[in-house]
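**Q** Have a look at this one before I ask anything.
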Amino acid sequence: MAWFKRKEKGIQTATEDKKDVPEGLWYKSPTGKVVDSEELAKNFYVSPEDGYHVRIGSKEYFEILFDDNKFKELDEKLYSKDPLKFTDTKKYTDRLKAAKDKTNLNDAVRCAVGKSKGRDVVIACMDFAFIGGSMGSVVGEKIARAADHSLKNNIPLIIISKSGGARMMEAALSLMQLAKTSAKLAQLADAKIPYISLCTDPTTGGTTASFAMLGDINIAEPGALIGFAGPRVVKDTTGQDLPDGFQTSEFLLEHGFLDFISHRKELKNKINQYIDLIGNLPLRE
Amino acid sequence: MEYLDFELPIKDLEEQLSKCQVIGVESEIDVTDTCKQIETKLQETKKNIYKNLTAWQRVQLSRHPSRPYTLDYINALAGDSFLELHGDRNVRDDKAMIGGLGKIDDQSFMFIGQQKGFNTKTRQYRNFGMANPEGYRKALRLMKSAEKFGIPVITLIDTPGAYPGLEAEERGQGEAIARNILEMTRLKVPIITVIIGEGASGGALGIGVGDKVLMLENTWYSVISPESCSSILWRSWEYKEQAADALKLTAADMKKQKLVDEIVKEPLGGAHSDRTKTFLTVKKSILKSFEVLKKLSPEELVDQRMEKYTNMGVYNG
Chain A
1 MAWFKRKEKG
11 IQTATEDKKD
21 VPEGLWYKSP
31 TGKVVDSEEL
41 AKNFYVSPED
51 GYHVRIGSKE
61 YFEILFDDNK
71 FKELDEKLYS
81 KDPLKFTDTK
91 KYTDRLKAAK
101 DKTNLNDAVR
111 CAVGKSKGRD
121 VVIACMDFAF
131 IGGSMGSVVG
141 EKIARAADHS
151 LKNNIPLIII
161 SKSGGARMME
171 AALSLMQLAK
181 TSAKLAQLAD
191 AKIPYISLCT
201 DPTTGGTTAS
211 FAMLGDINIA
221 EPGALIGFAG
231 PRVVKDTTGQ
241 DLPDGFQTSE
251 FLLEHGFLDF
261 ISHRKELKNK
271 INQYIDLIGN
281 LPLRE
Chain B
1 MEYLDFELPI
11 KDLEEQLSKC
21 QVIGVESEID
31 VTDTCKQIET
41 KLQETKKNIY
51 KNLTAWQRVQ
61 LSRHPSRPYT
71 LDYINALAGD
81 SFLELHGDRN
91 VRDDKAMIGG
101 LGKIDDQSFM
111 FIGQQKGFNT
121 KTRQYRNFGM
131 ANPEGYRKAL
141 RLMKSAEKFG
151 IPVITLIDTP
161 GAYPGLEAEE
171 RGQGEAIARN
181 ILEMTRLKVP
191 IITVIIGEGA
201 SGGALGIGVG
211 DKVLMLENTW
221 YSVISPESCS
231 SILWRSWEYK
241 EQAADALKLT
251 AADMKKQKLV
261 DEIVKEPLGG
271 AHSDRTKTFL
281 TVKKSILKSF
291 EVLKKLSPEE
301 LVDQRMEKYT
311 NMGVYNG
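Here is the structure:
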């Protein structure tokens, strides 16, 4: 009776050999809704059925916020050093190289100046794909220089946060980026130049403890995780069960730390409406 | 007296010495020479141990249960002149963050710092030195009040981190720390910061933006504790020694990176082995810094402070 006995156990087909639809054609949201990728892009990378805001990067945010996707990138040539010769299970330099190869980015933030609804804005947008959007010296310096560009040219600043926090591989140097970016925002505040902080999924740790919470307005996309300590750390430390929706955008709005939540397709309108109102300028269409 | 694992040779010798002294008192035998020998050996052993401490051993020393805490320093520096001030005028008084006015010699200062407890009961009362948002907001209220009246600020840092609690998140731990950092960069009075124990991440920096940052010899300051770093990057709690090395978190490392301004020497055996001496050295360092800072105008102070922090970071291009 051995003729039907399996000689090899388990499924042998390697994942990449599976006869599946080519990658990138469909997107499946966490609630299980399936969307055609092209349709998703047209819908501001928001799943149409359940409103899930898919994590996107600087490329997509620039496309959404700058008119005709036209902008001038600032300080794109800054990249990370390994000042501490940091090694854990991998070398930091190897992690950096892998991240660069995977993402085609130089670090976890890109800054640009361009027109949004016809008026100049400076946008610093974090990329979560680059080592979890972590903030090290380069992120700190680029944000500081973006703020400088705003200061020098009297242009509103928008920072789009999407970060797990400070970059451990630059240790205390990363920590000091909190002070560096906050010092620049203090200068911007003294010069009365509007600063809009947009928190997206996720915004935690060092970013929350610095620029993400320091906007003249703090706004967020729906359903984003925003907090200082991560939910797992809170649960482990306190032993308490976390309430539903803990540390979501809606939770922060309810507790008074956000001015409003905006659907991604409304972002450009809402941000520019604020800029017009706070500047006492005529409202643009 | 409690001993850390690497201090055990010292413990042995100290026990031998006291036994030797007891024998000398209780019997007719002359033990003077033997005692002296042990004492010499004790001094040598101490020197050897404390001159060659690893990063992790310094972390252990920074958490030594007998180490002086914020209030010990304030009491030593300001004595009876210290007037503790409470509350954030919003939620409650945070016992993990203390503050108040006091004089060193003839000069008033606003003292602010995280406070740890010295036994189980007080440790709980002080929440292990982990402040909630109201603690940071209390600190800011006191700093603003100092600014209003031209009183210089001294902050003393000793925290394993800002408290990662449910209510802390509800009340905006991140926002509270961020606000403090921003306001400290532009505060118009001198700020002298002393790291007296643990300097854990945002919880430390939330009161740590100073014109002069002094760091005691056996303390640590970084973006994360070595234990948490080990658990995240090595996915195990077992690599804390390696993490402590990798993070370059000792006073010497921090000075080398130009992230702190000065290392404050501790007595042989650590701050707790000779508290009086420690307090005196800290007082001298604070006053030396203040002598320089008090000559600056508020504008010069803020400009220099901003310049200092905006220059921090190492990158290419």
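Same order as they appear, the protein sequences are chains A and B.
Quick note on the UniProt record's numbering: the first sequence kicks off at 1 and runs consecutively.
Quick note on the UniProt record's numbering: the second sequence kicks off at 1 and runs consecutively.
A virtual CB, placed ideally from N, CA and C, is assigned to each residue, including glycine.
(1) Using a Cβ cut-off of 8 angstroms, pull out every chain A residue sitting near A178/B, in sequence order please.
(2) Taking buried to mean at least 16 other C-beta atoms within 10 Å of its own C-beta, is T120/B buried or exposed?
(3) Short check: CB of I224/B to CB of A108/A, under 9 angstroms?
(4) Assign L225/A to one of three DSSP states: helix, strand, or coil.
(5) For Y195/A, which of helix, strand or coil comes out of DSSP?
(6) Taking a cut of 9 angstroms between CB atoms, which residues from the segment 217-240 of chain B lie near chain A?
(7) Hey, out of I181/B, A168/B, Q114/B, G210/B, whose CA is closest to K235/A's CA?
(8) Looking at chain B, which residues of the segment 192-204 of chain A have a Cβ within less than 9 angstroms of any of its Cβ atoms?
(9) Who are the near neighbours of Y50/B in its chain, counting only those whose CB is closer than 8 angstroms to its CB and skipping five residues on each side?
(10) Under a three-way DSSP split, which group does D106/B fall into?
(11) Quick check on the burial criterion: 16 or more other C-beta atoms within 10 angstroms. Buried or exposed for Y61/A?
(12) Answer with yes or no whether the minimum CB distance from A108/A to chain B is below 9 angstroms.
(13) Taking I115/A as the reference, give the member of I155/A, T87/A, A209/A with the closest Cα.
(14) Among D94/A, K152/A, L157/A, which has the Cα closest to the Cα of I131/A?
(15) Given S289/B, which residues of its chain have a CB within under 6 angstroms of its CB, disregarding the five upstream and five downstream residues?
(16) Whose C-alpha, out of V260/B, G100/B, L293/B, G24/B, is nearest the C-alpha of Y309/B?
(17) Relative to the C-alpha of S285/B, which residue among E44/B, T250/B, I196/B is closest?
(18) Round the Cβ separation of T204/A and L175/A to the nearest angstrom and send it over; I've been treating them as touching at under 8 angstroms.
(19) Verify the CB distance criterion: does R123/B have a CB-CB separation below 9 angstroms to chain A?
(20) Which residue comes first and which comes last in the alpha helix (DSSP H) that contains E33/B?
(21) When DSSP labels each residue in this structure, what does residue 370/B get in the three-state scheme?
(22) Counting only the same chain and skipping the five closest in sequence on each side, list residues whose C-beta sits under 6 angstroms from that of Y27/A.
(23) Counting only runs of 3+ residues fully inside the segment 48-84 of chain A, write out the beta strand (DSSP E) ranges in chain order.
(24) On a CA-only basis, which of D67/A, H53/A, S47/A, L105/A is nearest L78/A? Give me that one, please.
(25) Does any residue of chain A have a CB that is nearer than 9 angstroms to the CB of Q115/B?
(26) Would you grab the beta carbon distance between C125/A and I160/A for me? Rounded to a whole angstrom, and I think it's under 8 angstroms.
(27) Report the CB separation of V314/B from S137/A in whole angstroms; it is logged as a contact under 8 angstroms.
(28) When burial is assigned at 16 or more other CB atoms within 10 Å of the CB, is P133/B buried or exposed?
(29) May I ask which residues mark the beginning and end of the beta strand (DSSP E) holding V114/A?
(30) Name the DSSP bridge partner or partners of Q114/B?
(31) Are the beta-carbon atoms of L253/A and F260/A separated by less than 9 angstroms?
(32) Can you name the start and end residues of the alpha helix (DSSP H) that V139/A belongs to?
(33) Can F4/A be considered in contact with the ligand ATP, in the sense that its beta carbon sits closer than 8 angstroms to one or more heavy atoms?
(34) I219/A to G57/A, Cα distance in whole Å?
(35) Pull up the distance between the alpha-carbon of G24/B and that of T32/B, whole angstroms please.
(36) Under a CB-based cut-off of 9 angstroms, is G133/A close to chain D?
**A** Reading it off the structure:
(1) The contacting residues are L178, S182, T208, A209, S210, F211, A212, M213, L214.
(2) T120/B comes out exposed.
(3) Taking 9 angstroms as the Cβ cut-off, I224/B and A108/A do not qualify as a contacting pair.
(4) The answer is strand: DSSP assigns L225/A an E or B state.
(5) DSSP places Y195/A in the strand class (E or B) of the three-state scheme.
(6) Per Cβ criterion, the list reads Y221, S222, V223, I224, S228, C229, S230, I232, L233, W234, R235, Y239.
(7) Out of I181/B, A168/B, Q114/B, G210/B, the CA that lies nearest to the CA of K235/A is found in A168/B.
(8) Residues T203, T204.
(9) Short of 8 angstroms from the beta carbon of Y50/B, and not among the five residues preceding or following it, lie these beta carbons of its own chain, in chain order: L268, G269, G270.
(10) Of the three classes helix, strand and coil, the one that applies to D106/B here is coil, per DSSP.
(11) Buried: at least 16 other Cβ atoms inside 10 Å.
(12) It does not: the Cβ of A108/A has no partner Cβ on chain B nearer than 9 angstroms.
(13) Correcting the residue identity first, residue 115/A is Lys in this sequence and not Ile. Comparing Cα-Cα distances from K115/A to each of I155/A, T87/A, A209/A, the minimum goes to I155/A.
(14) Out of D94/A, K152/A, L157/A, D94/A has the C-alpha closest to the C-alpha of I131/A.
(15) Answer for S289/B: I192, K212, listed in chain order.
(16) Minimum Cα distance to Y309/B is reached at V260/B.
(17) When only C-alpha atoms are compared, the closest one is I196/B.
(18) Wrong, their Cβ atoms sit about 15 angstroms apart, outside the cutoff.
(19) No, R123/B does not count as interfacial toward chain A.
(20) It is Asp, not Glu, that sits at residue 33/B in the sequence shown. Note, D33/B: alpha helix (DSSP H), 32-51.
(21) Outside the shown range of chain B (1 to 317) lies residue 370/B, about which nothing can therefore be said.
(22) Hits under 6 angstroms: V35, S37, L40.
(23) Taking only runs of at least 3 residues, the beta strand (DSSP E) segments lying wholly in the segment 48-84 of chain A are 72-74.
(24) Residue L105/A is the option with its Cα nearest to L78/A.
(25) It does not; no Cβ of chain A falls within 9 angstroms.
(26) Here C125/A really is in contact with I160/A; their C-beta atoms are around 4 angstroms apart, less than 8 angstroms.
(27) S137/A and V314/B do touch by the CB rule: their CB atoms are close to 5 angstroms apart, below 8 angstroms.
(28) P133/B should be labelled buried.
(29) Here the sequence assigns Gly to residue 114/A, which means Val is not the residue at that position. Run containing G114/A: 109-116, per the beta strand (DSSP E) assignment.
(30) Q114/B pairs with M97/B.
(31) Yes. Within cutoff.
(32) Note, V139/A: alpha helix (DSSP H), 137-153.
(33) The ligand ATP is not part of the structure shown, which contains no ligands of any sort.
(34) As the crow flies, the alpha-carbon of I219/A is around 17 angstroms from that of G57/A.
(35) Distance between the alpha carbons of G24/B and T32/B: 8 angstroms.
(36) Among the protein chains of the structure shown, namely A and B, there is no chain D.
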